[in-house]
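S.K.: Start counting the sequence shown at 1; every next residue gets the next number (my numbering).
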Amino acid sequence: MKSKNCSPIGLFDSGVGGWSVLNAVHELMPHESLIYVADSAFAPYGDKSPKQIIERSFSIVDFLVGEGCKAIVVACNTATAAAISHLRDHYQVPIIGVEPGIKPAVEQSLTGRVGVMATQYTVESEKFQHLLSRFENKQIVIQPCPGLVELIEAPETLDQQLLEYLSSQLSSFRREGIDTLALGCTHYGFVLDQIKTVLGEAVRIIDTPSAVARELKRRLDSEDLVCDDSTSSVQLLTTSEDLVRAQNRVEKLLKRDWVVTHQSIGDKDAKSVI
1 MKSKNCSPIG
11 LFDSGVGGWS
21 VLNAVHELMP
31 HESLIYVADS
41 AFAPYGDKSP
51 KQIIERSFSI
61 VDFLVGEGCK
71 AIVVACNTAT
81 AAAISHLRDH
91 YQVPIIGVEP
101 GIKPAVEQSL
111 TGRVGVMATQ
121 YTVESEKFQH
131 LLSRFENKQI
141 VIQPCPGLVE
151 LIEAPETLDQ
161 QLLEYLSSQL
171 SSFRREGIDT
181 LALGCTHYGF
191 VLDQIKTVLG
201 EAVRIIDTPS
211 AVARELKRRL
221 DSEDLVCDDS
231 TSSVQLLTTS
241 EDLVRAQNRV
251 EKLLKRDWVV
261 THQSIGDKDA
271 KSVI
């Protein structure tokens, strides 16, 4: 039986976007065992109600805590905005979230013109608006990207489709002359090359997975939960029953030999937790 220090870390997202965070955590802490849930059967979260997102978040965290996870990473901007405060009130384990890197984008901008890409839900959320209010004197261009998560999730999506979508959707950034861009969804890191093609190499792009991994390590260090065992494992789970599609995405996006398995996770009544 593993000691608590070497219990796994749980991560989840509405789909495969959080794999970017999973990758960063694995590279920073290769001795840690990881369990990742891609809630692909319910993706995307960006068009769901707060109640639905909170229900799914609690159902997944219940499962991960039941698997003995010592810490949870909400590897999804939308779920972080909707549910993380409720999760932290309910569970005793450390819970790390993600949010758009507006602060580092503002700090690194030379012109003061910063762009933010995010889902519609994240843009409209109270948490995001509170974050944005800290930079009222800055020129920040917000661009919701409806449909981009679905394009990234689909293994059959071609680069040309992504370029056409991004060229149209990101025209406001070119028009406003931003020099720094914050990615407000963990999925978007998988289309960095296409974003750079559309906006040009001069635009600095701030992605958050590495920062999330460092914050997780800091929390584990502070609570004496770091594992130094060399027998770590990575489990990729999906709520979707289409395992062929899921495995294709592992090969396309992660380029690793990790195997995806199906995991059914039921709904939890949100009224019991909020």
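Using N, Cα and C, we set each Cβ at its ideal position, and we do this for glycine too.
How would you label Thr208, buried or exposed, when you count the other beta carbons within 10 angstroms and need 16 or more for buried?
M.R.: That one is buried.
S.K.: Going by C-alpha distance, which of Gly10, Leu148 and Leu22 is nearest Asp47?
M.R.: Considering only alpha carbons, the answer is Leu148.
S.K.: Relative to the C-alpha of Gln194, which candidate in Arg175, Arg214, Leu216 and Glu164 has its C-alpha closest?
M.R.: Measuring from the Cα of Gln194, the nearest candidate turns out to be Glu164.
S.K.: Would you report the Cα separation of Ala270 and Thr197, rounded to the nearest angstrom?
M.R.: Its pLDDT being 46, under 50, Ala270 is placed unreliably in this model, and the coordinates cannot settle the point.
S.K.: How is Leu295 classed by DSSP in three states: helix, strand or coil?
M.R.: The structure shown has nothing for residue 295, since the chain only spans 1 to 274.
S.K.: What distance in whole Å lies between the Cβ atoms of Val74 and Val98, which are believed to be in contact at a cut-off of 8 Å?
M.R.: That belief holds up - the Cβ atoms of Val98 and Val74 are roughly 7 Å apart, short of 8 Å.
S.K.: Quick check on the DSSP output: the beta strand (DSSP E) that includes His262 runs from which residue to which?
M.R.: First-last of the beta strand (DSSP E) with His262: Val260 to His262.
S.K.: Would a C-beta distance cut-off of 7 Å place Gln263 and Leu243 closer than the cut-off?
M.R.: No, the pair does not count as a contact, with Cβ atoms beyond the cut-off.
S.K.: Among Pro44, Lys103 and Val123, which residue has its Cα nearest to the Cα of Asn137?
M.R.: Nearest of Pro44, Lys103 and Val123 to Asn137, Cα basis: Lys103.
S.K.: Would you kindly work out how many angstroms separate the C-alpha atoms of Met1 and Ser233, rounded to a whole number?
M.R.: Its pLDDT being 46, under 50, Met1 is placed unreliably by the model, and the measurement read from it follows with that caveat. Straight-line Cα distance between these residues: approximately 14 Å.
S.K.: Starting from Gln52, trace the alpha helix (DSSP H) both ways and give me its first and last residue.
M.R.: Per DSSP, Gln52 belongs to the alpha helix (DSSP H) from Pro50 to Gly66.
S.K.: Would you identify the three-state DSSP class for Phe128, choosing helix, strand or coil?
M.R.: Reduced to three states, the DSSP call for Phe128 is helix.
S.K.: Where Gly266 and Asp39 are concerned, what is the direct C-alpha to C-alpha distance, given to the nearest angstrom?
M.R.: Rounded to whole angstroms, Gly266 to Asp39 spans 11 Å at the Cα level.
S.K.: Is it true that the CB of Tyr36 sits closer than 7 Å to the CB of Thr78?
M.R.: Going by C-beta atoms, Thr78 is not nearer than 7 Å to Tyr36.
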